[in-house]
Amino acid sequence: MSVHRFELRRESSHAMYQQLADHLADQIRTGRYKPFDRLPTELELSEEFRVSRITVRQAIGRLLAQSLVVRKQGKGTFVAGPAVRHDLQGRKGIIEELRSQGVDPQTKLLEFGSVEPTEQIRRRLGEAGALVRIRRLYSVNGAPFAVTTTHLPAEVGRLSWETVEAHPVYDILEKFLGIAIGRVDLGVRAEAAGPDLARLLKTRSRAPLLVFDRVSRCTAGVPREHTLYWSRSENYEFSLRTVGPLSINSSLRRAG
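When you line the sequence shown up against the numbering used here, it's residues 989 to 1244, in that order.
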């Protein structure tokens, strides 16, 4: 992709690399370069703007410092993916969080069917029988963003593949099962990507992932949904509002 014709001003009081960095940042913010797009190489930018590769490298360094781009070894420099700001006190699902921040994700349904859950899932949901498992891949501009595995009541199994594919989890619970969510318990931890997740998220094996572990309860307090959500760590940031002081140390719990 070629940038719009833009002339660097050598007589400007601003350094050449700063002018180039500002121009490229503007191209990113206005959508000329979209999330996950690859920027031209150092050589291409050097020839385009008639500056040295050192100047280009300094400009890219500014973009890296602003978290507008990321470098991938052996592949080049790419526009950073959207960092989803997740309100830990809210009840929005993934799609709702992304759309509320101006990102339109693509969703691929990977799995939908009845399964015998693991003992751990049984304990989380308090179910003795079969459950329905739904697995999805979320992408932005064709680049994988997150993978989810959800377990729901067996009644969801009567829905069609097309219906499940078209509706977020909370829509399925509320619209088709009449289950209103009264409380959500959410845990967050770090995890190394296994081979399957690394393949789906197009990252290296053992790369750091953020894992959201969510249990949603109906208004009667009964667990009705469990979701594990894996995201590349650079895609997320958190927000939390409290009334009065917040003690971090007292809230920490050792995993394991």
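Built from N, CA and C at the ideal position, the CB exists for glycine as well.
Boundaries of the alpha helix (DSSP H) in which Arg1017 is found, first to last residue
Here residue 1017 corresponds to residue number 29 of the sequence shown, with the count starting at 1. Met1004 to Arg1017 is the span of the alpha helix (DSSP H), which, as asked, contains Arg1017.
Which residue spans inside the segment 1094-1167 form an unbroken alpha helix (DSSP H) run of at least 4?
1107-1113 and 1149-1154
Beta-carbon contacts of Val1103 that lie in its chain and below 7 Å, excluding the five residues immediately before and after
In the sequence shown, the residue the question calls residue 1103 occupies position 115. Ala1118, Leu1119 and Arg1121, listed in sequence order.
Considering Cα atoms alone, identify which of Leu1113, Ala1168, Leu1197 and Gln1007 is closest to Tyr1043.
Reading the sequence shown from its first residue, position 55 is the one you call residue 1043. Just to set this straight, residue 1043 is Thr in the shown sequence, not Tyr. Taking only the C-alpha atoms, the option nearest Thr1043 is Gln1007.
Glu1099: buried (16+ other C-beta within 10 angstroms of its C-beta) or exposed?
Residue 1099 sits at position 111 when you count from the first residue of the sequence shown. Flag for Glu1099 reads exposed.
Three or more C-beta pairs below 8 Å linking the segment 1126-1133 and the segment 1163-1182
no
Measure the alpha-carbon distance for His992 versus His1155 and round it to whole angstroms.
Residue mapping note: residue 992 aligns to position 4 of the sequence shown, counting from 1. Residue mapping note: residue 1155 aligns to position 167 of the sequence shown, counting from 1. Because His992 carries a pLDDT of 49, less than 50, the predicted location of this residue cannot be relied on, and no value is offered for it.
Shortest alpha-carbon distance to His1011 belongs to which of Leu1198, Glu1213, Leu1031 and Ile1048?
Here the question's residue 1011 lines up with position 23 in the sequence shown. Ranking Leu1198, Glu1213, Leu1031 and Ile1048 by Cα distance to His1011 puts Ile1048 first.
C-beta atoms of Val1157 and Arg1205 nearer than 9 Å:
Stepping through the sequence shown from its first residue, residue 1157 is reached at position 169. Stepping through the sequence shown from its first residue, residue 1205 is reached at position 217. It is not a contact, given that the beta carbons lie outside the stated cut-off.
Same chain, Cβ closer than 6 Å to Val1203, five either side skipped, listed in chain order
Residue 1203 sits at position 215 when you count from the first residue of the sequence shown. Contacts found: Arg1112, Asp1173, Pro1211 and His1214.
Which residues does DSSP list as the beta-bridge partners of Val1172?
Translated into positions along the sequence shown, residue 1172 becomes position 184. DSSP lists Ser1204 as partners of Val1172.
Along the chain, where does the beta strand (DSSP E) that runs through Arg1212 open and close?
As a first step, residue 1212 is located in the sequence shown; it is residue number 224 there, counting from the start. Where Arg1212 is concerned, the enclosing beta strand (DSSP E) stretches over Pro1211 to Arg1220.
Is it buried or exposed, Gln1272, if we count other Cβ atoms within 10 angstroms and call 16 or more buried?
Residue 1272 lies beyond the stretch modelled for the chain, which goes from 989 to 1244, so this question has no answer here.
Are there 16 or more other CB atoms within 10 angstroms of the CB of Arg1220, so buried, or fewer, so exposed?
Your numbering for residue 1220 matches position 232 in the sequence shown. Per the 10 Å Cβ criterion, buried.
Hey, quick one: how far does the beta strand (DSSP E) through Phe1066 stretch, first residue to last?
Counting from one through the sequence shown, the residue named residue 1066 turns up at place 78. First-last of the beta strand (DSSP E) with Phe1066: Gly1064 to Val1067.
Range of the contiguous beta strand (DSSP E) that encloses Val1057
Your numbering for residue 1057 matches position 69 in the sequence shown. Looking at the DSSP string, the run of the beta strand (DSSP E) that includes Val1057 is Val1057 to Lys1060.
By DSSP's criteria, Arg1045 is part of a beta bridge. Which residues make up the other side?
If you number the sequence shown from 1, residue 1045 lands on position 57. BP columns for Arg1045 are empty, so no partner.
If you reduce the DSSP assignment to three classes, tell me which class Arg1087 lands in.
As a working note, residue 1087 is residue 99 in the sequence shown. Helix at Arg1087.
Identify which residue in Gly1166, Arg1146 and Trp1218 has its Cα closest to the Cα of Val936.
Residue 936 lies beyond the residue range present for the chain, which begins at 989 and ends at 1244; the question has no answer from this structure.
Under a three-way DSSP split, which group does Glu1036 fall into?
The sequence position of residue 1036 within the sequence shown is 48, counting from 1. Glu1036 falls in the helix class under three-state DSSP.
Below 6 Å CB to CB, which residues in the same chain sit around Glu1153 once its five sequence neighbours on both sides are set aside?
Indexing the sequence shown from 1 puts residue 1153 at position 165. Once the five neighbours on either side are set aside, the close Cβ partners of Glu1153 are Leu1097.
On the DSSP letters alone, give me the boundaries of the alpha helix (DSSP H) that Arg1187 sits inside.
Position 199 of the sequence shown, counted from the start, is the residue given in the question as residue 1187. Start and end: Pro1183 to Leu1189.
Does Ala1053 come out as helix, strand or coil in the three-state DSSP assignment?
To locate residue 1053, count along the sequence shown from 1; it is residue 65. DSSP places Ala1053 in helix when its eight states are reduced to three.
Using only the alpha-carbon positions, how far apart do Ile1169 and Leu1147 sit?
Counting from 1 along the sequence shown, the entry for residue 1169 is found at position 181. Counting from 1 along the sequence shown, the entry for residue 1147 is found at position 159. If I take the Cα positions, the gap works out to 20 Å.
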